[in-house]
Amino acid sequence: MSVEQVIFYVFAALAVISALGVITLKNVVHSAVALAATLLSVAGIFLTLHAEFLAGVQVIVYVGGILVLFIFVIMLISIEKSIVERQFNRQWAVALITAILLIGELAFVVWRGNDSLVLAEPAPAVPSVLGVSGNSQLVGETLYGQYLLPFEIASILLLVAIVGSVALSKKKTQAE
Amino acid sequence: MVPIHHYLILGAALFTIGVVGVLTRRNIMVILMSIELMMNAVNINLIAFSGRLGHVAGQVFAIFVITVAAAEAAVGLGIVIAMFKNKETMNINEIDLMKW
Numbered sequence: 001m002s003v004e005q006v007i008f009y010v011f012a013a014l015a016v017i018s019a020l021g022v023i024t025l026k027n028v029v030h031s032a033v034a035l036a037a038t039l040l041s042v043a044g045i046f047l048t049l050h051a052e053f054l055a056g057v058q059v060i061v062y063v064g065g066i067l068v069l070f071i072f073v074i075m076l077i078s079i080e081k082s083i084v085e086r087q088f089n090r091q092w093a094v095a096l097i098t099a100i101l102l103i104g105e106l107a108f109v110v111w112r113g114n115d116s117l118v119l120a121e122p123a124p125a126v127p128s129v130l131g132v133s134g135n136s137q138l139v140g141e142t143l144y145g146q147y148l149l150p151f152e153i154a155s156i157l158l159l160v161a162i163v164g165s166v167a168l169s170k171k172k173t174q175a176e
Numbered sequence: 177m178v179p180i181h182h183y184l185i186l187g188a189a190l191f192t193i194g195v196v197g198v199l200t201r202r203n204i205m206v207i208l209m210s211i212e213l214m215m216n217a218v219n220i221n222l223i224a225f226s227g228r229l230g231h232v233a234g235q236v237f238a239i240f241v242i243t244v245a246a247a248e249a250a251v252g253l254g255i256v257i258a259m260f261k262n263k264e265t266m267n268i269n270e271i272d273l274m275k276w
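For the protein sequence lines, the chains are A and B, in the order given.
Under the working numbering, residue 176 is the last one in the first sequence; the count climbs by one each step, no gaps.
Under the working numbering, residue 276 is the last one in the second sequence; the count climbs by one each step, no gaps.
Shown next, in the form of structure tokens:
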């Protein structure tokens, strides 16, 4: 078993265990900490796939940005009240059926596509297109070259999200 | 080298955990976190194929998924705060104004 395999299986086990923690822990803050563990494990899995830039983005944007925002909102809203409330609803049967169907479908697809996936194995581990080396440079060249229009659309999406969240949280004026 | 279907199985497991979280929890914060879990599962699949096929487009699309996740978190948490100001609850079963 190589080092890469050991790292992958350790991080995969950590990710699944802490993801189960996110949906089973009663305290919302504990769920948020479990989500942080999941996101950091996923960043480690990105490293085993030689996606170093994405691993950095995962840590900075997800753990450093989105998750801190979550914890901020949890702290703004009173925690004590939400702990007392019952945390799970009565949809266990529906959730169980959906989970079994979904995992069955995904397992079937992976099993059917296994042969074609094996054919894809001999590709180089570190891609070297456009004559550039290094993951960040490669991602940057592709993002600002071939995918410039989707990049601009993503920036418009972020602008709309900013305007939307400001409009949602502003106080009502006299005119309204 | 880890076979690619192990990455796909990991992604499928995380996605299913996210779906179960959305369906069973009542706290809106945990539901938003479960959605983040599902987006991470998608990212794992995209980057696994990107690495194995030697094509960088998967990583670029993972960046777009992270952008969408950030926008979704900002708007979603804005809605949560606006909702909490009005109803003083994070329980989605009590938010039934638009339910017929």
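We put the beta carbon where it would ideally sit given N, CA and C, even for glycine.
DSSP beta-bridge partners of residue i
i, result
"Arg202 (chain B)", "None; Arg202 (chain B) has no bridge partner."
"Asn267 (chain B)", "B:Asn203"
"Phe88 (chain A)", "B:Arg201"
Integer Cβ distance of residue i from residue j, believed to fall under 8 Å
i, j, result
"Ile257 (chain B)", "Ser169 (chain A)", "6 Å"
"Val236 (chain B)", "Thr142 (chain A)", "5 Å"
"Gly234 (chain B)", "Leu222 (chain B)", "4 Å"
"Ile239 (chain B)", "Val57 (chain A)", "7 Å"
"Ile66 (chain A)", "Ala224 (chain B)", "Between Ala224 (chain B) and Ile66 (chain A) the Cβ distance is about 22 Å, and since that is not below 8 Å, they are no contact."
Rounded separation between residue i and residue j - CA only
i, j, result
"Leu96 (chain A)", "Ala55 (chain A)", "32 Å"
"Ile71 (chain A)", "Gly197 (chain B)", "18 Å"
"Ile180 (chain B)", "Ala247 (chain B)", "30 Å"
"Val73 (chain A)", "Leu35 (chain A)", "15 Å"
"Arg228 (chain B)", "Leu49 (chain A)", "8 Å"
"Leu199 (chain B)", "Asn267 (chain B)", "13 Å"
"Ile13 (chain A)", "Ile103 (chain A)", "It is Ala, not Ile, that sits at residue 13 (chain A) in the sequence shown. Between Ala13 (chain A) and Ile103 (chain A), the C-alpha separation is close to 17 Å."
"Gly134 (chain A)", "Leu213 (chain B)", "28 Å"
Neighbour list for residue i in chain B, Cβ cutoff strictly below 7 Å
i, result
"Val139 (chain A)", "Val232, Gln235, Val236"
"Phe108 (chain A)", "Simply none; closest approach about 10 Å."
"Ile103 (chain A)", "Ala188, Thr192"
Buried or exposed by the 16-neighbour rule on C-beta atoms within 10 Å, applied to residue i
i, result
"Glu264 (chain B)", "exposed"
"Arg90 (chain A)", "exposed"
"Val232 (chain B)", "buried"
"Gly187 (chain B)", "buried"
"Met215 (chain B)", "buried"
"Arg112 (chain A)", "exposed"
"Met259 (chain B)", "buried"
Contact list for residue i against chain B, beta-carbon separation under 9 Å
i, result
"Glu4 (chain A)", "Met177, Val178"
Contact list for residue i against chain A, beta-carbon separation under 9 Å
i, result
"Ile271 (chain B)", "Neighbours of Ile271 (chain B) on chain A: none; closest Cβ ~13 Å, over 9 Å."
"Asn216 (chain B)", "Ala15, Ala19, Thr38, Leu39, Val42, Gln58, Tyr62"
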